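Using my numbering, read the sequence shown as starting at 73 and increasing by one per residue. A virtual CB, placed ideally from N, CA and C, is assigned to each residue, including glycine. Computed from a predicted model, the values in this text were never measured in an experiment.
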Amino acid sequence: MAGRIPQQFIDDLLNRVDIVEVIDSRVPLKKKGKEYSACCPFHSEKTPSFTVSQNKQFYHCFGCKASGSAIGFLMEYEHLSYPEAIEELAHSQGIEVPYEGGQRPDPALKKVQTDLYDLMQETAQYYQHQLRQHASSEQAIKYLKERGLSGEIAKDFAIGYAPDSWDGLLKALGTSAEREKALVTTGMLIQKDSGKCYDRFRDRIMFPIRDRRGRCIAFGGRILPKASSNTDKEGAKYLNSPETPLFHKGRELYGLYEARQALRDIPRLMVVEGYMDVVALAQFDVRYAVATLGTATTPDHMQRLFQLTSEVVFCFDGDRAGKDAAWRALQTCLPEMRDGRETRFMFLPEGEDPDSYIRKIGKDAFEAELKQSQTFSEYLFKQLTNEADISGIGGRAKLVETAQPMLSQMPEGIYRKVMFEQLEKLGRVELSQPESAHSEMKRRFKSSRQAASNNMKTAMSPVRKAITLLLYQPSLAQHWLQRNSDYNELAKLDLPGMDLLLEVLEILRNSPNLSTSALIERWRQTPTANHLAKLASWQPELDDYEALEIEFSALMDALNKQSVDHRYDDLQAKLDHGTLNEAEMAEYKMLLQQIYAAKSASKPD
Ligand SMILES: [Zn+2]
73 MAGRIPQQFI
83 DDLLNRVDIV
93 EVIDSRVPLK
103 KKGKEYSACC
113 PFHSEKTPSF
123 TVSQNKQFYH
133 CFGCKASGSA
143 IGFLMEYEHL
153 SYPEAIEELA
163 HSQGIEVPYE
173 GGQRPDPALK
183 KVQTDLYDLM
193 QETAQYYQHQ
203 LRQHASSEQA
213 IKYLKERGLS
223 GEIAKDFAIG
233 YAPDSWDGLL
243 KALGTSAERE
253 KALVTTGMLI
263 QKDSGKCYDR
273 FRDRIMFPIR
283 DRRGRCIAFG
293 GRILPKASSN
303 TDKEGAKYLN
313 SPETPLFHKG
323 RELYGLYEAR
333 QALRDIPRLM
343 VVEGYMDVVA
353 LAQFDVRYAV
363 ATLGTATTPD
373 HMQRLFQLTS
383 EVVFCFDGDR
393 AGKDAAWRAL
403 QTCLPEMRDG
413 RETRFMFLPE
423 GEDPDSYIRK
433 IGKDAFEAEL
443 KQSQTFSEYL
453 FKQLTNEADI
463 SGIGGRAKLV
473 ETAQPMLSQM
483 PEGIYRKVMF
493 EQLEKLGRVE
503 LSQPESAHSE
513 MKRRFKSSRQ
523 AASNNMKTAM
533 SPVRKAITLL
543 LYQPSLAQHW
553 LQRNSDYNEL
563 AKLDLPGMDL
573 LLEVLEILRN
583 SPNLSTSALI
593 ERWRQTPTAN
603 HLAKLASWQP
613 ELDDYEALEI
623 EFSALMDALN
633 KQSVDHRYDD
643 LQAKLDHGTL
653 NEAEMAEYKM
663 LLQQIYAAKS
673 ASKPD
């Protein structure tokens, strides 16, 4: 199929990369026996239940059951699509991803996207160059210097300057009709009804917005304070790129890439309002600030933040708008408030923003205030009791009415329990805590897990056991396959899982060197993948290759025998009814010989 990545390439790629390296560079792993472990990046925990097997090239979390290959890990952890994850792995190995028919999935789109990234990079360089060279960049440089920004920080954040001109970028980069069109697509140029284009950003300080891989995907432009003229004339203080194929503001956070570059361990992430705040804080060595891009914090943002750290601080202006924004942020983070996580709310004095405030009081005092700021529970209950007079019954009822549905959104755990207890105390009522959707899911998970593990211990069918052994060590199949080239009769056995076992054998016959993870990759996005991942977490009591190989062969031989017996019974019935044809007669005789040979072989001497 044109546009598909060949299976062979994916197999080879998974053979080439080491999942331990891939994960360790993102989630530091500790060696524990033959495996590696860490606290799971996909759920909150204090003791590590996330394990990575170098042998299987597979990761597995005993807590939340997340599992998969290096590709799966990148998809989950970096929020990449399947082809993107493959591209990323291939890139790390310095190899090019081939596409069937020599074409990428959507050749036009993919090619254009690559070009768009390149063009955005050129654009960022253009603005940086203007900051250094343009005759009228003085005002911008003066502004940055007044903010105390060093050249180093300006470089870290690749800050630039868009000259006060309608066609500066257009002339510099829109050198062909095609490029001009691409600049419109990225939002850098605006096209008039007449078809003519002009620069979107004029006389602004330019902040490139980078995605998690460090590619420039959009810009934020901050207006320059004009001594004489009124800023209203010039438009908004902050101007962002519009939504484009590269940029979705609800998913991106300004400064996150830079924070991850600057810090190995991120102690906390602080959400501020503007790019200038992020940069100014970085100048004061507060490297953990990020800004949303002209939007309120979204659930996507919250998940991303808590993937990287356990404490998120919202920093807002102390005015009405800031307080409204804080309350909205609190509501967005409710579903993410698991045990071990904390959210804080820091309000600045009126008229201050983080940029001005840290310049006034310095890093130490700023961080001291941060540590004093209201926690999630303090802020929530303070806000609710401010709104309702809880000295009276009516007020208390209102408090409970508002708070209960909010707290119910929290995931099951101690944190949630304590919050409910606090609500009961304030409302002077006893509440039956409704189960959260999350906990119900977990419970279902648990019982299905229980069932699965019981099954493993007691009644694992031979088919299931054979698949499990192959997942543990795919090469176990080879010895048996060499002796049994034709095993299609097994299909007639009509045992649960037999189709899957045959499929696995067929794959391993054609690709003998597959790792566990490469094997499971074949079932990506099918329910079977989950099933296989569960079986893949099985560990033998004794890790003896030869013993396992014998066990596998014995299982397969037993299944074979079962199918021979089955066929023999069929033919025998036909013989009894006199309906056996010539070919079947020959088969019958052959089976008879086989059965006889097997019987005499198993007879003790
Ligand atoms: Zn987990």
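At least one heavy atom of ligand 1 sits closer than 7 Å to the Cβ of F114. If you draw a straight line from the Cα of E168 to the Cα of A162, it comes to about 6 Å.
At least one heavy atom of ligand 1 lies less than 7 Å from the C-beta of A138.
A distance below 8 Å separates the beta carbons of I91 and F145.
In the DSSP assignment, P426 falls outside any beta strand (DSSP E) and lies within the alpha helix (DSSP H) extending over 426–444. Between Y326 and Y347 the beta-carbon gap is near 5 Å, inside 8 Å, which marks them as a contact. Secondary structure at E107: strand, using DSSP grouped into helix, strand and coil. When beta bridges are read from the DSSP output, I277 appears opposite Y233, R294. Non-local beta-carbon contacts of A334 in its own chain, meaning distances under 6 Å to residues more than five positions away in sequence, involve R359 in chain order. If you check the C-beta of C133 against ligand 1, you find a heavy atom less than 7 Å away.
In this structure, F279 sits near G292, with a CB-CB distance shorter than 8 Å.
The stretch 115–124 makes contact with the stretch 86–101; the number of CB pairs closer than 8 Å reaches 3 or more. A straight line joining the alpha-carbon of K443 with that of M532 spans about 54 Å.
Rounded to the nearest whole angstrom, the C-alpha separation of F386 and K537 is 52 Å.
It is roughly 13 Å from the alpha-carbon of C269 to the alpha-carbon of A244. Each of E224, E408, Q126 was checked against the Cα of P371, and the nearest Cα belongs to E408. In this structure, F122 has its CB closer than 7 Å to one or more heavy atoms of ligand 1. Assignment of T447 by DSSP, reduced to helix, strand and coil, places it in the strand class. Within its own chain, the residues whose Cβ lies closer than 7 Å to the Cβ of L221, once the five positions on either side in sequence are excluded, are V351, Q355, listed in chain order. Counting only runs of at least 4 residues, the stretch 125–205 fully encloses the following alpha helix (DSSP H) elements, listed from N- to C-terminal order: 142–149, 154–164, 179–205. Taking 8 Å as the cut-off, the Cβ atoms of N87 and A590 count as close.
Sequence-distant partners of L503 (beyond 5 residues in either direction) whose C-beta falls short of 8 Å from its own C-beta, in its chain, are V472, Q476, F492, L495, E496. Look at M491 here: in three-state DSSP terms it is helix.
Rounded to whole angstroms, the separation of the alpha carbons of Y617 and K606 is 21 Å.
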